[in-house]
Amino acid sequence: MTPERKFEWGGLSAGREDFVTAAEALAALEELVGEYPDLESETGLSDGDAFVRLSAGERWAIVSTPGTRWFSVRVDTGHRARLDDATSTRDEAFMLLRTYVAVGVAYVRGEALADGGRLTVATHGRTVSLTRPLGARLRGWVGRAR
19 MTPERKFEWG GLSAGREDFV TAAEALAALE ELVGEYPDLE SETGLSDGDA
69 FVRLSAGERW AIVSTPGTRW FSVRVDTGHR ARLDDATSTR DEAFMLLRTY
119 VAVGVAYVRG EALADGGRLT VATHGRTVSL TRPLGARLRG WVGRAR
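Quick note on numbering: the sequence shown equals residues 19 to 164 in this note's numbering.
In structure tokens:
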């Protein structure tokens with residue numbers, strides 16, 4: 019990136035018409051949740067990020083993105099996965115969003131496998147590992163050592 023092409027954190031960068039905005043990501047999320055009528059869902063914008071909260075009973079997952087740059091899924095156990103990718107094309111961004119929603123759905127439906135301190139979800143031909151944040155893992159290790 020050249021100095022005159024400063025990245026604008028609002029979701030668009032000069033010369034990059036391929037970026038997806040948060041509003042476009044929200045529209046995609048609202049369409050995607052229609053594929054999962056068995057789950058409760060809430061979509062919206064928060065701090066410039068589009069999100070969907072999927073739930074069934076006590077289980078929930080939140081998928082969020084500012085549109086381009088990163089994609090995240092976080093679940094009620096504190097496990098999460100995040101992909102930083104500021105170079106995705108529009109098609110790739112929407113594919114990643116679809117995949118992260120599918121990961122959240124699989125977790126909420128009880129399809130995640132516990133693998134040590136990780137949760138593993140296989141969906142859309144991909145295997146995604148969800149981990150707890152480093153601080154939470156360290157607190158868990160310290161608590162067990164006592």
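For each residue, glycine too, the CB sits at the ideal point set by N, CA and C.
Only a predicted model underlies this, so the values are computations on that prediction, with no experimental measurement involved.
- Secondary structure within the stretch 81 to 114: the beta strand (DSSP E) runs of 3 or more consecutive residues, fully enclosed, are 87 to 93, 98 to 103 (chain order).
- One thing to note: VAL146 has its Cβ no nearer than 9 Å to the Cβ of ARG77.
- Membership of ALA130 in any alpha helix (DSSP H) is not indicated, and neither H nor E is assigned to it by DSSP.
- In terms of Cβ geometry, ARG100 and VAL93 do not form a close pair [threshold 9 Å].
- Note: ALA68 is bridge-paired with LEU63, THR83 in the DSSP secondary-structure output.
- A direct Cα-Cα distance of roughly 8 Å separates ASP56 from ALA74.
- Excluding sequence positions up to five before and after TYR118, its CB lies within less than 6 Å of the CB of VAL81, PHE89, VAL91, all in the same chain and listed in chain order.
- Sequence-distant partners of THR86 (beyond 5 residues in either direction) whose C-beta falls short of 7 Å from its own C-beta, in its chain, are GLY29, PHE37, VAL38, ALA104, SER106, ALA111.
- Taking a 10 Å sphere around the C-beta of ALA132, we find fewer than 16 other C-beta atoms and assign the residue as exposed.
- Counted as a single uninterrupted DSSP element, the alpha helix (DSSP H) harbouring LEU50 occupies residues 40 to 50.
- ARG71 places its beta carbon 9 Å or farther from that of LEU148.
- In the three-state scheme derived from DSSP, where H, G and I count as helix and E and B as strand, GLU76 is classed as coil.
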